[in-house]
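Read through the structure below, which is laid out as structure tokens, and then see the notes.
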Amino acid sequence: MGLEAVELEATRYRRPWYWLVVLFAAALLVTGLESAVARSRADQNVADFRSVQTLRLERGETAIDDFISDATQLVYAEAGAVGPIRGNRTLVERLLLGMAPTRSDRVIYGMGVFYAPGAFDTGSRLFGPYVILNPRERLMVNTEKNFDYPKLTWYRDAVDGRGNRIIDGPYSEDGISFISVLKAFYRNGRLQGVASVDTRAPDFGAVVATAMQKGPLDVVWITSRIGEREFSTGTVPPGPNRIEQSLRLRSVSALLHVSTDATAMAKENRLVATGAIAAAGLIWTLTVIFAVVIVRGWRVREAALASELREARLRHEIETAKKLETSLRKAAFTDALTGLPNRTPFLQRVSAALADVRAETASYAVLFIDLDRFNIVNETLGHIAGDELLKIVGRRLRDELSPEAMVARLGGDEFVVLAQVDSAGAEAFARHVLSIFKQPVTLQSRTLRVGASIGVVSLSVDYERPGELLRDADIAMFHAKLAGRSRYAFFDLAMRLRVAEESELEHDLRLGIERREFFACYQPLVDVGSNAICSFEALVRWRRPERGLVGAGDFVRFAESRGMIDAIDVIVLEDVCAHAAAIGAVFPQSSIAVNVSAAHLAASDLVPAVASSLQAHDLSPSVLKIEVTETAVMSNEELARKTMTGLRELGVQMVLDDFGQGHSSLAYLQHLPISGLKIDRSFIEPLGTNSQSAAIVGSVVTLAQTLGLYTVAEGVENASQLGVVRSLGVDLAQGFLFAPALTAEELLSPLRIGVG
337 MGLEAVELEA TRYRRPWYWL VVLFAAALLV TGLESAVARS RADQNVADFR SVQTLRLERG
397 ETAIDDFISD ATQLVYAEAG AVGPIRGNRT LVERLLLGMA PTRSDRVIYG MGVFYAPGAF
457 DTGSRLFGPY VILNPRERLM VNTEKNFDYP KLTWYRDAVD GRGNRIIDGP YSEDGISFIS
517 VLKAFYRNGR LQGVASVDTR APDFGAVVAT AMQKGPLDVV WITSRIGERE FSTGTVPPGP
577 NRIEQSLRLR SVSALLHVST DATAMAKENR LVATGAIAAA GLIWTLTVIF AVVIVRGWRV
637 REAALASELR EARLRHEIET AKKLETSLRK AAFTDALTGL PNRTPFLQRV SAALADVRAE
697 TASYAVLFID LDRFNIVNET LGHIAGDELL KIVGRRLRDE LSPEAMVARL GGDEFVVLAQ
757 VDSAGAEAFA RHVLSIFKQP VTLQSRTLRV GASIGVVSLS VDYERPGELL RDADIAMFHA
817 KLAGRSRYAF FDLAMRLRVA EESELEHDLR LGIERREFFA CYQPLVDVGS NAICSFEALV
877 RWRRPERGLV GAGDFVRFAE SRGMIDAIDV IVLEDVCAHA AAIGAVFPQS SIAVNVSAAH
937 LAASDLVPAV ASSLQAHDLS PSVLKIEVTE TAVMSNEELA RKTMTGLREL GVQMVLDDFG
997 QGHSSLAYLQ HLPISGLKID RSFIEPLGTN SQSAAIVGSV VTLAQTLGLY TVAEGVENAS
1057 QLGVVRSLGV DLAQGFLFAP ALTAEELLSP LRIGVG
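Those letters in the sequence shown? Residues 337 to 1092, by this note's numbering.
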């Protein structure tokens, strides 16, 4: 059985927790149901208990309604009989006495009529006769109740009822608690008075308690509308097993309360809860037992599966290791992007070819191929397009060349080919490879023509290691690029010597910068009219160890190509600033011009470097001039103009050197912050023999004068040239006619130069 099948089976049968989940869910469900049933029984017991209480409260309410109904009939009769009578007190009193109940089972305390002020007769402001039924069944008429009853609450409540029956109470008056039935009566729409039938609240409470069948542990009471507790049958004893309910009465503005002992019900509910707990315990005990049995069964199954899985994995690991070894071998010898062989198998094949060459059994050549301007593809179309181009190139080389030729990719855009050809056939083979790159390539809907530079090396017995062949082929490829790209070059020893010399030069330049071996020599600039020295140009020189003094032409361009010219500019600038004060003392009002490279002109640190050097040597900015070439300005016009503007704002004058060699001089000249133009020596040298050169120089002078710039003629070597320059209106001249470039010591010596 394979590993996947074993793993699948192990996954399927190993610890299926869902069975435990189902088991415990079932136990939880049964427990919940049992708990719900117990809770339901307990809730039903409470509901039944409360239902009994509610029934008793309703009985009490019915008794109250019956109790009030007699008083209600009596108050309506009283209001109907006595209300219309005016001014006849005797008649009113007789009617009240005649209507008063006399049976001993009556609980009515008294009844009366209370006329509104002025409603009985004009001579009596208040008249309120009242009949009291005393405990001995004697009727008494109280005609002296001329108290200010219109101000009492029960009277105002009756008036607010507007002729409807009003039940008021319980309330206390003269030490007696009453519940009264009141009715206001009217005549012709005008209030005549209030009829009242009063019952004693204690008797009222006794009727209610009897109707509710109050037990020995029950407490019944009524709460008045103002929250006072009336005719309570006792005090509610403390304890948790009591249930209280209330009922708002229909007939009376009060609440009827009952508090009942529920100890028996609570005991029954505890028995229900105990039974539910016992059932839950039994359920969970059985659940745990089943769970243990299930888990033990899992463990037995897991042990068997684990053993089988270990065996399957061991077999799989052995197979994987074999496949991995095969893949690693392939990856170690294959370029991942193009699928071509990489450096390792190529060098192995070259090593075998060297053995054939030494045995004189075959001839071979190595071609080192580097795509031209491949970085432009990455920058414009992106690296994905660049990778696609490399795949296409690799595929074409493999398909177009013979199967005997080995094509490999070293990395980046570098490819190598090992071909079995002799020296004569190597050139034809190189041309064939170049023809492959002449075929257009389509990338992202664009058609490109990608060239290549090829270095060719023929294998010989002089090579001991394959790496030496790649080194020389790379050198030959580099020379093919220098020769103009899209061509091939065969390696020779002179190439290796030049590479060695350039490597040594780069090493010495870096050491020279660290050791500050560079310094300035000064060539004077002479006023053409007076022959007086008015300025100097600082020219860089290098004291190269074991080589002596080296001129700028031998290292400046190389330093620019290697990114070291900025550091050399700074060293020369500091050297000039260090000697400027001494030179100014000997040559008053003179200035010194320092050349700045194109790279440094576009850098952001030139202005701060000049300002720092001037400040360090306490020099005026007018002492210093900066010379830049047209080519330097044109290489990055925007950054160059920004730097030149910063120098001009600093107070340093700018001079345009080698004027006339550029392509757009007149187009941008008026926008540059410059003070002077130096006419290139290529126009000065033919003066005196070439009228066309004189015309060009004259045009430059006219242009400069128009723009307010002074002019300098470079390379004045003889008097004839000086005469023409003077006649054309050039301001300054420099050249070997006056003096070569001198060191600061030579310039400041007592035998210093002078111009006659």
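Cβ atoms here follow ideal geometry from the backbone N, Cα and C, with glycine treated the same way.
{"Query": "Thr1047 - partner residues in DSSP beta bridges", "Result": "Leu1013"}
{"Query": "Where the alpha helix (DSSP H) through Arg984 begins and ends", "Result": "973-986"}
{"Query": "Cβ pair Arg425, Pro465 closer than 9 Å", "Result": "yes"}
{"Query": "Identity of the residue in Glu974, Val959, Ala921, Asp902 nearest Ala945 by Cα", "Result": "Asp902"}
{"Query": "Proximity below 9 Å, CB of Val411 to CB of Val533", "Result": "yes"}
{"Query": "Limits of the beta strand (DSSP E) - the one that Glu750 falls within", "Result": "750-755"}
{"Query": "Start and end residues, alpha helix (DSSP H) containing Phe854", "Result": "Counting along the chain, Phe854 falls outside any alpha helix (DSSP H), though it belongs to the beta strand (DSSP E) covering 854-863."}
{"Query": "9 Å Cβ cutoff met for Ile772 and Leu725", "Result": "no"}
{"Query": "Backbone CA spacing between Asp798 and Ala691 [nearest angstrom]", "Result": "12 Å"}
{"Query": "Neighbourhood of Asp597 by C-beta, 7 Å cutoff - its chain only, sequence neighbours within 5 removed", "Result": "Leu553, Asn577, Arg578"}
{"Query": "CA nearest to the CA of Pro420, picked from Ala455, Arg893, Pro1022", "Result": "Ala455"}
{"Query": "Reduced DSSP category for Asn714 - H, G, I as helix; E, B as strand; rest coil", "Result": "helix"}
{"Query": "Whole-number beta carbon distance between Leu845 and Ala766, since they are thought to touch under 8 Å", "Result": "Ala766 to Leu845, Cβ: 34 Å. No contact."}
{"Query": "Per-residue DSSP class, three states only, for Gly397", "Result": "The identity of residue 397 in the sequence shown is Glu, whereas the question assumes Gly. Correct three-state label for Glu397: helix."}
{"Query": "Where Ile919 falls: helix, strand or coil (DSSP)", "Result": "helix"}
{"Query": "Three-state secondary structure (DSSP) of Met970", "Result": "helix"}
{"Query": "CB contact flag (Thr431, Ala417, <9 Å)", "Result": "Thr is not the amino acid found at residue 431; the sequence shown has Leu there. A contact, by the Cβ cut-off of 9 Å."}
{"Query": "Extent of the continuous beta strand (DSSP E) run through Tyr451", "Result": "444-451"}
{"Query": "Pair within 9 Å by beta-carbon distance, Val991 and Val1048", "Result": "yes"}
{"Query": "Terminal residues of the alpha helix (DSSP H) in which Lys727 lies", "Result": "719-736"}
{"Query": "The beta strand (DSSP E) enclosing Val886, as first and last residue numbers", "Result": "884-886"}
{"Query": "Stretch-stretch touch, CB-based, cutoff 8 Å, three pairs: the stretch 769-785 with the stretch 826-845", "Result": "no"}
{"Query": "Short Cβ contact (9 Å threshold) for Leu754 with Ala689", "Result": "yes"}
{"Query": "Buried versus exposed, by CB contacts within 10 Å (16 or more), Val631", "Result": "exposed"}
{"Query": "Counted within 10 angstroms of its Cβ, other Cβ atoms place Val1037 as buried (16 or more) or exposed", "Result": "buried"}
{"Query": "Gly321 versus Leu673: straight-line alpha-carbon distance, rounded", "Result": "In the structure displayed, the chain extends from 337 to 1092; residue 321 sits before or after that span and is not available."}
{"Query": "Residue range of the unbroken beta strand (DSSP E) whose run includes Met435", "Result": "From DSSP, Met435 is part of no beta strand (DSSP E) but of the alpha helix (DSSP H) over 425-435."}
{"Query": "Beta strand (DSSP E) segment containing Val991, residue limits", "Result": "989-995"}
{"Query": "Pair within 9 Å by beta-carbon distance, Ser371 and Ala616", "Result": "yes"}
{"Query": "Same chain only: Cβ atoms within 7 Å of Asp994, ignoring 5 sequence neighbours per side", "Result": "Thr965, Glu966, Lys1014, Asp1016"}
{"Query": "Given 8 Å, three or more beta-carbon pairs between the stretch 845-859 and the stretch 879-886", "Result": "yes"}
{"Query": "Beta-bridge partners of Leu960, as assigned by DSSP", "Result": "Ile928"}
{"Query": "Segment limits, beta strand (DSSP E) that includes Gly529", "Result": "526-536"}
{"Query": "Sub-9 Å separation of Ser794 and Ser759 beta-carbons", "Result": "yes"}
{"Query": "Separation of Ser1035 from Ser1000, as counted between CA atoms", "Result": "Reliability fails at Ser1000, whose pLDDT of 48 lies under 50, so the model's placement of it is uncertain and the value that follows must be treated cautiously. Distance between the alpha carbons of Ser1000 and Ser1035 is about 15 Å."}
{"Query": "Proximity to Glu696 [Cα-Cα], best of Ser796, Asn500, Gly570", "Result": "Ser796"}
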